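> One structure coming up, written as structure tokens, with questions to follow.
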Amino acid sequence: MESIQEYVGELHKIDYPRSERVRKRCEEVVKDQANAKALQAWYPGWCKRPCFHDEYLPSFNESNVTLVDTKGKGVEKLTASGPESDGKIYDVDVIIWGTGFVSPSGESPAGRAGVQVYGRDGISLEARNDAGDLSTLHGAISPDFPNMFWLGPLQTGVSPNFVFTLDIMSSHVARLIREAEKEVGGKAIIEPTAQAVEDWGMQIAMGALALAGMAGCTPSYLNMEGMVDQIPPEMRMAAARKGIWGGGVEGFCDALERWWAKGGLEGLEVAAAA
Numbered sequence: 545m546e547s548i549q550e551y552v553g554e555l556h557k558i559d560y561p562r563s564e565r566v567r568k569r570c571e572e573v574v575k576d577q578a579n580a581k582a583l584q585a586w587y588p589g590w591c592k593r594p595c596f597h598d599e600y601l602p603s604f605n606e607s608n609v610t611l612v613d614t615k616g617k618g619v620e621k622l623t624a625s626g627p628e629s630d631g632k633i634y635d636v637d638v639i640i641w642g643t644g645f646v647s648p649s650g651e652s653p654a655g656r657a658g659v660q661v662y663g664r665d666g667i668s669l670e671a672r673n674d675a676g677d678l679s680t681l682h683g684a685i686s687p688d689f690p691n692m693f694w695l696g697p698l699q700t701g702v703s704p705n706f707v708f709t710l711d712i713m714s715s716h717v718a719r720l721i722r723e724a725e726k727e728v729g730g731k732a733i734i735e736p737t738a739q740a741v742e743d744w745g746m747q748i749a750m751g752a753l754a755l756a757g758m759a760g761c762t763p764s765y766l767n768m769e770g771m772v773d774q775i776p777p778e779m780r781m782a783a784a785r786k787g788i789w790g791g792g793v794e795g796f797c798d799a800l801e802r803w804w805a806k807g808g809l810e811g812l813e814v815a816a817a818a
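The sequence shown begins at 545 in the numbering used here and counts up one residue at a time.
Spelled out as structure tokens, the structure:
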């Protein structure tokens with residue numbers, strides 16, 4: 545591929561036949577063709593996590609089911625009897641909100657947990673993240689926050705089944721702790737060097753091209769509710785460094801195994817705990 549545009553164009557060519565099959569099935573199952581068209585995704589298949597349910601599309605053929613197309617504007621307001629959209633009030637007894645997830649790249653692990661975490665010299669984890677300076681080694685540990693481990697997803701490999709990623713990272717972190725304690729003969733203080741996280745960040749950035757297809761996707765937690773498209777050019781490298789491993793989860797596992805094969809806990813400073 546000679547350009548990002550060519551690469552993304554190829555992704556669209558691959559996705560189009562599959563997306564057309566999904567859209568065609570919607571037309572075949574949903575009897576009201578206006579509803580069928582409103583239910584069809586016009587964006588590429590990778591923009592949203594794939595879902596499946598044998599009863600979802602047929603439910604729109606039931607007399608007690610109404611599809612409200614807000615034309616992308618959402619619910620305008622809530623009234624005493626129900627939500628209002630495009631000037632019409634829909635009377636309901638119960639509202640089930642499906643508002644999705646906060647993007648994992650918007651806050652630090654501390655922010656997502658709703659807590660404040662302070663490292664060496666009173667450094668705030670959330671403040672470092674807000675400044676764009678939060679980097680890790682293997683997505684697991686960051687300078688100035690010794691013995692604080694997390695499990696991604698940023699700067700790690702991800703798969704459709706995130707539990708698999710959690711298993712990879714849990715095993716990796718447990719092995720780090722075990723080997724560090726062997727090295728010092730007891731409880732250990734573990735912290736990555738600045739150079740190690742710099743090198744890892746560059747490896748992550750080098751794979752950012754693989755995720756170029758996310759540009760132009762509809763807002764979701766996968767693209768920080770559309771904020772990815774609004775990142776100014778001077779900040780794109782920093783954003784790329786905080787992304788995910790672009791070579792797939794198998795490539796990420798291979799990278800970890802290559803690191804372990806070197807021996808010596810390269811890039812980690814290990815000391816005995818007092």
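We put the beta carbon where it would ideally sit given N, CA and C, even for glycine.
Computed from a prediction, not measured in an experiment: that's the story for all the values here.
What does the alpha-carbon distance come out to for the pair L678 and G787?
L678 and G787: Cα-Cα distance of roughly 12 Å.
> Rank G696, I748, M750 and Q774 by C-alpha distance to the C-alpha of A759 and give the top, closest one.
Residue Q774 is the option with its Cα nearest to A759.
> For the pair the region 784 to 803 and the region 749 to 768, tell me if three or more CB-CB distances fall below 8 Å.
Cβ pair count under 8 Å is three or more, so yes.
> Looking at chain D, is there any beta carbon in it that lies within less than 8 Å of the beta carbon of D635?
Any reference to chain D falls outside this structure, which holds one protein chain only.
> How about P736 and L812: are their beta carbons less than 8 Å apart?
In contact: P736 and L812 (Cβ atoms closer than 8 Å).
> Can you name, in chain order, every residue of its own chain whose Cβ lies under 8 Å from the Cβ of E670, other than the five neighbours on each side?
Correct list, in chain order: E651, S652, A654, G655, Q660 and V661.
> What does the alpha-carbon distance come out to for the pair V574 and W694?
Taking the straight line joining both Cα atoms gives about 44 Å.
> Let me check one thing: in DSSP terms, what residues is P736 bridge-paired to?
DSSP output for P736 lists L812 as bridge partner(s).
> Are I685 and I734 touching if we call contact CB-CB under 8 Å?
Yes, Cβ-Cβ distance for I685 and I734 is below 8 Å.
> With 16 other CB atoms within 10 Å as the buried threshold, where does N673 fall?
It is buried - the Cβ of N673 has at least 16 other Cβ atoms within 10 Å.
> Please give the ranges of any beta strand (DSSP E) in the region 578 to 652, keeping only runs that are unbroken, at least 3 residues long and fully inside the region.
Counting whole runs of 3 or more residues, the region 578 to 652 contains the beta strand (DSSP E) stretches 627 to 629.
> Counting beta carbon pairs with one atom in the region 552 to 561 and one in the region 761 to 772, are three or more of them shorter than 8 Å?
Verdict: no, contact absent.
> In the DSSP output, which residue or residues are listed as bridge partners for S668?
In DSSP, S668 forms a bridge with Y662.
> At the level of alpha carbons, what is the spacing between E564 and P704?
Taking the straight line joining both Cα atoms gives about 22 Å.
> Which of the three DSSP states, helix, strand or coil, is assigned to I775?
It is coil, neither helix nor strand.
> Taking the DSSP output, what are the residues bridged to L681?
DSSP lists I685 as partners of L681.
> Distance check for D630 and E742, CA to CA, integer angstroms please.
Going by the C-alpha atoms only, they are around 50 Å apart.
> Going by alpha carbons, who is nearest to G730 out of R664, P602, A817 and P561?
Checked all of R664, P602, A817 and P561; the closest Cα to G730 is A817.
> By the DSSP assignment, the alpha helix (DSSP H) with E769 in it spans what residues?
Taken as a continuous stretch (DSSP letters only), E769 belongs to no alpha helix (DSSP H), as it is neither H nor E.
> Give the range of the alpha helix (DSSP H) segment to which L553 is assigned.
The sequence shown places Gly at residue 553, not Leu. Here the alpha helix (DSSP H) through G553 covers I548 to V573.
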